[in-house]
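Structure record follows, encoded as structure tokens.
Residue numbers (the numbering used here): 369 to 509.
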């Protein structure tokens with residue numbers, strides 16, 4: 369039987385091993401797991417550098433050895449700004465169960481998307497961080 373702690377540890381190892389991300393390098397980057405009537409809630413922060421991080425929120429139900437992410441939300445922040453978000457929340461968005469949000473001018477876009485795993489989201493973050501910083505540098509010129 370897979371425990372929520374083992375589930376998170378699997379994520380942490382896959383992220384650290386494949387991307388050289390140091391999870392736990394800042395005091396608030398550890399995962400916090402708590403139980404609710406609906407499953408286990410995981411809140412974590414994954415740092416890419418001193419000014420870029422991904423906030424992680426998952427509601428997970430584990431059936432035997434199979435984890436089911438009922439809800440997930442991965443928020444990417446770079447240099448103090450919200451840059452990208454992946455969500456799965458069937459109660460809030462109806463037909464857009466899986467969706468992404470991106471800032472655009474003074475509003476946030478809301479677009480349907482495919483499901484994404486946490487390790488895949490982390491892998492995508494590197495390019496998003498780079499693109500965001502390039503666009504900000506171009507604006508300053």
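Even glycine gets a Cβ: it sits at the ideal position worked out from N, Cα and C.
Check: Give the DSSP-derived three-state secondary structure of residue 402 in the structure shown.; Outcome: strand
Check: Mapping DSSP to helix, strand and coil, what is residue 497?; Outcome: helix
Check: DSSP on residue 484, reduced to helix/strand/coil?; Outcome: coil
Check: Less than 6 Å between C-beta atoms, sequence neighbours within five positions excluded: which residues of the same chain meet that for residue 476?; Outcome: 469
Check: Assign residue 428 to one of three DSSP states: helix, strand, or coil.; Outcome: strand
Check: List the endpoints of the continuous beta strand (DSSP E) containing residue 312.; Outcome: No answer is possible for residue 312: it lies beyond the span of the chain, which begins at 369 and ends at 509.
Check: Buried or exposed, going by whether 16 or more other CB atoms sit within 10 Å of the CB of residue 478?; Outcome: exposed
Check: If we count the other Cβ atoms within 10 Å of its Cβ and call it buried at 16 or more, is residue 480 buried or exposed?; Outcome: exposed
Check: Give the single residue among 399, 431, 406, 430 whose Cα lies nearest to the Cα of residue 424.; Outcome: 399
Check: So residue 509 is in the beta strand (DSSP E); what residue range does that whole segment cover?; Outcome: From DSSP, residue 509 is part of no beta strand (DSSP E); its letter is neither H nor E.
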